[in-house]
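K.L.:
Add 233 to a position in the sequence shown, counting from 1, and you land on the number used in our numbering.
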Amino acid sequence: MEIPDQLRSLFSATVEERDSSYVLEVPDEEVYTGELQHGETYRVALLSSPSTDETEQTETESKSEFNSPVPPVEEGETRTVEIEDLGDQGDGLTRVERGFVVIVPDTEQGERVTIEITDVRKNVAFAEVVKRLNYYD
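(1) Using the Cβ count rule (16 or more neighbours within 10 Å means buried), how would you classify Val357?
(2) Val256 and Glu249 - do their beta-carbons sit closer together than 8 Å?
(3) Buried or exposed: Ala278, going by 16 or more other Cβ atoms within 10 Å of its Cβ?
(4) Going by the DSSP bridge assignment, what does Asp318 pair with across the sheet?
(5) Between which two residues does the beta strand (DSSP E) holding Arg365 run?
(6) Distance check for Phe333 and Thr247, CA to CA, integer angstroms please.
(7) I believe Asp324 touches Val337 by the beta-carbon criterion, under 8 Å. Please report the beta-carbon distance rounded to the nearest angstrom.
(8) Can you determine whether any heavy atom of the ligand GDP sits closer than 7 Å to the C-beta of Thr313, and answer yes or no?
(9) Taking the alpha-carbon of Pro304 as reference, which of Lys355, Ser242, Glu263 has the nearest alpha-carbon?
(10) Along the chain, where does the beta strand (DSSP E) that runs through Glu212 open and close?
(11) Residues in the same chain with beta-carbon distance under 6 Å from Phe359, minus the five sequence neighbours each way, listed in chain order, please.
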């Protein structure tokens with residue numbers, strides 16, 4: 234999957250209703266690290282997420298972790314994950330700690346795979362499939 238140079242930030246957020254409009258809150262770290270500038274205009278893409286219960290649990294568990302700008306994965310690391318979504322170019326997307334997105338080419342939504350992290354960027358990582366698993370593995 235080719236990531237355009239224009240990509241400045243990738244994070245998970247909840248849509249909230251406020252005064253007859255809807256708001257997505259941008260985590261402080263996205264502005265403090267210099268990728269986004271207060272007052273500037275950006276394009277936003279929305280992807281579906283896991284069930285609401287899973288999202289709420291993940292947000293509750295990780296609110297204190299959002300202050301850490303270090304990605305929660307490292308190159309060479311292996312993990313077993315479930316592909317949650319497909320990106321615009323058909324690559325699989327999974328989320329790990331703090332909603333950090335890992336892009337996994339040649340996978341299908343709902344597929345369980347063991348992956349190896351091949352490239353880590355500030356807001357996204359890329360991985361290759363090491364092993365395809367049965368759902369019950």
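Glycine included, every Cβ here is placed at the ideal spot set by N, Cα and C. All figures in this text were calculated on a predicted structure; none of them were measured in a lab.
P.N.:
By the coordinates alone:
(1) buried
(2) yes
(3) exposed
(4) Leu326
(5) 357-366
(6) 14 Å
(7) 7 Å
(8) The ligand GDP is not part of the structure shown, which contains no ligands of any sort.
(9) Lys355
(10) An answer regarding residue 212 cannot be provided, because it is not within the stretch 234 to 370 covered by the chain.
(11) Ile336, Thr351, Asp352
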